[in-house]
Each structure stands twice: as C-alpha cells, then as structure tokens.
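Numbering (the working numbering), first residue to last: 33 to 171.
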C-alpha cells in the first residue's frame, strides 16, 4: 500500500544481523489475494475507513497459512482526546475491539495473543500516543 514504507522497512531489515529475509509486497491491501501463502501478515498504521479496514483485515487473514500470525498496529480512536499525533479523522481510527469484531465477522478461527490499547511514548511530548495492538494466530 505504501512504497515509502516498504523502502524504509527494507533498509531496516538489511541492517539486521543476522540478515532478515522478507518477501516485501506493495499492493492494494483491500484486494490482496494470495490465500494460505504466508506465516505473517502485518497491517501497520493502515488507517482506513471501517468498510475498507474490514476488507484489508479479511485479505490479510486469508493470506495466512494455518498457524500464521496477523499483527495489526493502528492509531487508537482514544488518541484524539487522550493521546498525541495523527490522524485527526475519526473515520480512520479504530480500537482493538473493532479489529477483533472484523475477524469474527469474517469467520476467522484464531487464538488471541494480544488485543489491547497500548501507549507509545513520544519524545518531547508530555503524553503518549495511544495505539491499537492486535496479535492473533490462525487456527
């Protein structure tokens, strides 16, 4: 979805020792279709309105092999009132409950490792950014 994010991720991965090998893909997250192909799918700060978020979560979920992990990190809807940072559009903010509900609505069978609101400290700020964190494993 973001060529810039892929480029940054490649630089970070190449700096790791031992070397990290990743199959990077830049595609429309709402239409990605490679069923049962991956061990890990990450939706990181993919801030979409609810209908598109549901499509992206379903596509990411369906791309996982059994035992694969879905990791979702996003700006939490509480961030507007109690946190710092962007975006300011409530239509693209969510909660861990929204993500879990999207998985359930998609008929996903999973084990939850984490589904919570977390704080991310921001240098130079007196309060943290509030983030949605969901990590589930496909049954």
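Even for Gly, the Cβ is constructed at its ideal location relative to N, Cα and C.
In the three-state scheme derived from DSSP, where H, G and I count as helix and E and B as strand, residue 83 is classed as helix. If only uninterrupted beta strand (DSSP E) runs of at least 3 residues are considered, those enclosed by the segment 72 to 119 are 96 to 107. With 16 or more neighbouring CB atoms inside 10 Å of its own CB, residue 128 falls in the buried class. Looking only at 78, 162 and 67, the smallest Cα-Cα distance to residue 37 is reached by 78. The shortest C-alpha to C-alpha distance from residue 82 to any of 135, 42 and 114 is the one to 135. Non-local C-beta neighbours of residue 157 in its own chain, meaning closer than 8 Å and more than five positions away in sequence, comprise 116, ordered along the chain. Residue 108 is positioned such that its CB atom lies no closer than 8 Å to that of residue 119. Taking each of 146, 171 and 75 in turn and checking the Cα distance to residue 62, the smallest one comes out for 75. Under the DSSP definition of a beta bridge, residue 158 lacks any partner. Nearest neighbour of residue 144 by Cα position, chosen from 150, 113, 102 and 126, turns out to be 102.
Listed in chain order, the non-local C-beta contacts of residue 142 below 7 Å within the same chain comprise 135, 168, 169, 170 and 171, local neighbours out to five positions each way being set aside. Assignment of beta-bridge partners to residue 166 by DSSP yields 104 and 147. In this structure, residue 110 lies near residue 162, with their beta-carbon atoms less than 8 Å apart. Contact between residue 95 and residue 70 holds, with the beta-carbon distance rounding to 5 Å and staying under 8 Å.
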